[in-house]
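Residue numbers (full-length UniProt numbering): 1 to 201.
For each residue, glycine too, the CB sits at the ideal point set by N, CA and C.
Please read these numbers as outputs of a predicted model, since none were measured by experiment.
Everything below concerns the one structure shown next.
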């Protein structure tokens with residue numbers, strides 16, 4: 001059971017995320033200041049820095065948690081589970097976490113994704129985080145299947161999967177009118193890619 005102190009921290013964190021998203025949508029990412037986000041969440045800038053190092057970090061609040069989830073799924077995979085099957089599970093669970101983490105609304109989750117995909121400064125940060133996450137995931141996949149996959153094969157599999165999802169989502173961004181459509185696009189790209197990766201191992 002989550003204690004009172006932890007619940008209070010979660011509420012403050014969620015208030016900062018929601019305030020930032022609201023301001024980013026109303027004013028634009030570049031035009032919104034860190035102080036404005038703190039004020040909108042009714043906390044001090046000092047409190048803001050207890051949760052996030054910079055305003056762009058607000059939009060990447062679940063990156064660490066999703067990476068940990070992926071690693072745990074790979075480490076805990078069933079003996080008869082194929083690399084493609086466990087990667088599909090990683091995709092599904094990561095999407096589920098993104099949609100439910102911090103109890104954000106679907107509208108806020110969709111807005112966050114659109115901001116990350118369309119604001120240049122956020123695209124750049126996303127690419128850096130994505131590279132580190134992919135590298136860690138490739139190594140974890142290799143560790144989970146050392147007798148079946150070389151590190152090169154594991155890296156190629158992860159790179160192909162993540163690249164396909166991101167490009168498919170970005171290419172369809174103008175056509176996707178809801179979070180579910182974004183998820184469906186990403187999952188379909190994953191299925192297509194993993195169909196080809198099933199020859200590995």
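By the C-beta density criterion, residue 29 is buried, having at least 16 other C-beta atoms within 10 angstroms. In this structure, the straight-line span from the alpha carbon of residue 17 to that of residue 147 is close to 43 angstroms. Residue 80 sits in coil when the DSSP states are folded into three classes, being neither helix nor strand. Looking at the backbone, the Cα of residue 192 and that of residue 65 are separated by about 26 angstroms. Rounded to whole angstroms, the gap between the alpha carbons of residue 124 and residue 79 is 38 angstroms. Look at residue 5 here: in three-state DSSP terms it is helix.
Excluding residues up to 5 positions away in sequence, 136, 137, 140 lie with their Cβ nearer than 8 angstroms to the Cβ of residue 71 in the same chain.
In this structure, the alpha-carbon of residue 172 lies about 18 angstroms from that of residue 91. Between residue 35 and residue 45, the C-beta gap is smaller than 8 angstroms, which places the two residues in contact.
Considering only 21, 93, 126, 75, the residue with the shortest C-alpha distance to residue 187 is 93. The Cβ-Cβ distance between residue 51 and residue 12 falls below 8 angstroms. Residue 116 sits close to residue 59, with the two beta carbons spaced by under 8 angstroms.
For residue 49, the enclosing alpha helix (DSSP H) covers residues 45-51.
With fewer than 16 neighbouring CB atoms inside 10 Å of its own CB, residue 8 falls in the exposed class. The beta carbon of residue 154 sits closer than 6 angstroms to the beta carbons of 138, 141, 142 from its chain, once the five residues preceding and following it are set aside; these are given in chain order. Per DSSP, reduced to three states, the secondary structure at residue 119 is coil, with no helix or strand assignment. Boundaries of the alpha helix (DSSP H) around residue 153: 151-171. In the DSSP assignment, residue 32 falls outside any alpha helix (DSSP H), carrying neither H nor E. Within the same chain, and ignoring the five residues on either side of residue 19 in sequence, the residues whose Cβ sits closer than 6 angstroms to its Cβ are 37, 40, 41.
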